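>
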Amino acid sequence: MLKESFLLIMRNLTQRKLRSALTTLGVIIGIAAIVAMVSATQGVSTYITNELEKLQGDRIIITPARARLGDLTPVTANLTERDVDEVSRISGVDVAYGQIELTYILEFEGEASRLSIVGISPSAYQRLDTLGMEAGRYLKDTDLFSAVIGYSVAHDTFKNEVGLRKRLFIKGTEFQVVGIHKKAGGAFSQADLSVYVPKDAMRETFNLDKYSVGSIIVGVKKEADINEVADRIEDALRRLHRVPKGEEDFTVVTPEYVRSIVGQITGLLSVLLGGVAGISLVVGTIGITNIMYVTVSERTREIGVMKAIGATNRDILSLFIIESGFISLLGGVIGILLGLGLGEGILYLAHIALGTIQMPRGAATIQLVQPHIVIMPELIVGVIVLSFLVGVFAGLFPARKASNLDPIVALRYE
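Be aware that the sequence shown starts at -14, since it is given in my numbering, and climbs by one per residue.
#1: Can you tell me which of the three DSSP states Arg74 falls into?
#2: Helix, strand or coil: how does DSSP classify Asp79 here?
#3: Relative to the C-alpha of Val411, which candidate in Ile33, Arg152, Ala25, Met291 has its C-alpha closest?
#4: Less than 8 Å between the beta carbons of Ile155 and Ala81, yes or no?
#5: Could you check how far apart the C-beta atoms of Val72 and Ala221 are, in whole angstroms? I think they sit under 8 Å.
#6: So, is Ile277 buried or exposed, given that buried needs 16 or more other C-beta atoms within 10 angstroms?
#7: At 3 residues or longer, and completely inside the stretch 215 to 262: list those beta strand (DSSP E) runs for me, N to C.
#8: Terminal residues of the continuous beta strand (DSSP E) containing Thr158?
#9: Give me the Cβ distance between Val138 and Leu178, rounded to the nearest whole Å; I'm assuming they're in contact under 8 Å.
#10: Cβ of Gly104 within 8 Å of Cβ of Pro183?
#11: Specify, as a first and last residue, the run of the alpha helix (DSSP H) that Ile294 falls within.
#12: How would you label Leu322, buried or exposed, when you count the other beta carbons within 10 angstroms and need 16 or more for buried?
#13: Where does Gln169 fall in DSSP's three states?
#14: If contacts are defined as beta-carbon pairs under 8 Å, then Gln355 and Leu332 qualify, I think. What distance do you get, rounded to the angstrom?
#15: Which residues does DSSP list as the beta-bridge partners of Tyr183?
#16: Which class does Tyr278 belong to by DSSP, given the choice of helix, strand or coil?
#17: For Ile358 versus Ala25, is the C-beta spacing smaller than 8 Å?
#18: Using the DSSP secondary-structure output, state which residues sit across from Ile202 in a beta bridge.
#19: Report yes if the C-beta of Gly135 is less than 7 Å from at least one heavy atom of the ligand SAH; otherwise report no.
#20: Judging by CA-CA distance, which residue of Met187, Lys2, Val12 is the nearest neighbour of Val377?
#21: Quick one: is Lys292 buried, meaning 16 or more other Cβ sit within 10 Å of its Cβ, or exposed?
#22: If you measure between the beta carbons of Ser30 and Gly260, is that distance less than 8 Å?
#23: Just tell me which of Thr251, Arg227, Asn389, Ile102 has its CA closest to the CA of Ser409.
#24: If we ignore side chains and look at the alpha-carbon of each, how far apart do Phe305 and Asp210 end up?
#25: Any idea what DSSP makes of Phe143, helix, strand or coil?
#26: Would you mind reading off the limits of the alpha helix (DSSP H) that contains Phe154?
#27: Is it a yes or a no for the stretch 363 to 378 touching the stretch 294 to 313, going by three-plus beta-carbon pairs under 8 Å?
#28: If you draw a straight line from the C-alpha of Lys168 to the C-alpha of Asp114, how long is it?
#29: Return the chain-ordered list of same chain residues with a C-beta closer than 7 Å to the C-beta of Asn145, the five sequence neighbours on each side being excluded.
#30: Expressed to the nearest angstrom, what Euclidean distance is found between the alpha-carbon atoms of Pro392 and Leu7?
#31: Going by DSSP, which residues form a beta bridge with Phe93?
#32: Rounded to whole angstroms, what's the CA-CA distance from Thr190 to Ile102? Just pull it up for me.
#33: Please classify Ile85 as buried or exposed, where buried requires at least 16 neighbouring CB atoms within 10 angstroms.
#34: Rounded to whole angstroms, what is the Cα-Cα separation between Leu3 and Thr274?
#35: What residue from Leu314, Thr285, Gly330, Gly320 has the CA that sits closest to Lys386's CA?
#36: Where does the unbroken alpha helix (DSSP H) through Ala209 begin, and where does it stop?
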């Protein structure tokens, strides 16, 4: 019976090619939209997460703001060297140092560019740095008005390249270049456009409080679990700041934290965009239902013949449900292939439009790498099942109508 049903379905589809194509069109559009949006969103999520984790590495970053998703009024408070000392003593912490970062105008040979000026603890910074040096050396704890510059600051920001022993001016204070970092690249790294100076020199230049820091960078021992260390840091800083759990005036950022935030954002986008795409699928379902009602009317006499030669109501019901499900399944398969191509196309066009970020005041540009779609097996399987169920649901009522036809009345139908 199954073989005969399949042959009847194929005959009906091939005899009405245009109608079959138009019937599947709604499902194709709906499935393609869902696959494109979800796969592209997941691709962007994976790209952002990888870039941020590459930037952060196996470090923990402590900031003085409660950076929670949807929190538009973050609570801010200064972190201090006392916090740095407290964190340094925690089990599992290899090294910790306070960092100060400001955006300010850097002057070189009569030109000026607004760049990131970063005050660091030289020896601790060197232990955690993963970039390495293209030329020169790292800062030393004995340095004061010396600077290490990013790759783009050295090669792309000014008309003339900034080499070793060249003089830079920050707020009228002269700094001598002692080192140039290798190129970092990446969408979110500002290392290429940063100037690193000793923390004490930065405080003196900008007249900053000598105990405050903008953030704390923490290196974790290889044998330690980074999330357990992060929990210990939170407990220690809560005691030191005398704040209850849930009301912290600081944020402990780990790779897991980054993944969760990115996951929340892209998950929300997937739901919203998937919901919009789902509307197309509903329209496709209605289209299949209408076409199946028309098909039942056109094949009324054929149904009468089938019943006359022994087909039961259940046989007729199954035939039309399977036919409706097959039409929708076919549309789903085409929609998946179209959706994957569409998703990749969306990311390509987005990369063309946003692939280059021009930094202010003549600084170098940042080239973004094109993200690619993520093909998730669970999405493909889920969409195939969904498309078949959509067809089954759409054909259920027309199939019931067909199965309940009186064979005598059906044979007389013209």
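Think of the CB as a built atom: it goes at the ideal place given N, C-alpha and C, for glycine as much as any other residue.
On a predicted model such as this, the values are computed, not experimentally measured, just so you know.
On the basis of the data shown:
#1: coil
#2: strand
#3: Look at the range of the chain in this structure, -14 to 399, and you will see that residue 411 is not part of it.
#4: no
#5: Between Ala221 and Val72 the Cβ distance is about 7 Å, and since that is below 8 Å, they are a contact.
#6: Here residue 277 turns out to be Met, not Ile, going by the sequence shown. Buried, because 16 or more other Cβ atoms sit within 10 Å of the Cβ of Met277.
#7: 236 to 238
#8: 158 to 166
#9: 6 Å
#10: yes
#11: Here Ile294 belongs to no alpha helix (DSSP H), and DSSP marks it neither H nor E.
#12: exposed
#13: This sequence places Ala at residue 169; Gln is not what is there. Ala169 falls in the coil class under three-state DSSP.
#14: 6 Å
#15: Residue 183 is actually Pro in this sequence, not Tyr. Per DSSP, Ile105.
#16: helix
#17: yes
#18: Ile46, Tyr82
#19: In the structure on display, the ligand SAH does not appear, and there are no ligands present to speak of.
#20: Val12
#21: buried
#22: no
#23: This structure cannot speak to residue 409, because the chain is shown only from -14 to 399.
#24: 58 Å
#25: coil
#26: Per DSSP, Phe154 belongs to no alpha helix (DSSP H); it is in the beta strand (DSSP E), 152 to 155.
#27: Under the Cβ criterion (8 Å, minimum of three pairs), the stretch 363 to 378 counts as touching the stretch 294 to 313.
#28: 13 Å
#29: Glu94
#30: Going by the C-alpha atoms only, they are around 30 Å apart.
#31: Glu96
#32: Going by the C-alpha atoms only, they are around 11 Å apart.
#33: buried
#34: Answer to the nearest angstrom: the Cα atoms are 17 Å apart.
#35: Comparing Cα positions, the closest option is Thr285.
#36: Ala209 -> no alpha helix (DSSP H), and no H or E assigned at all.
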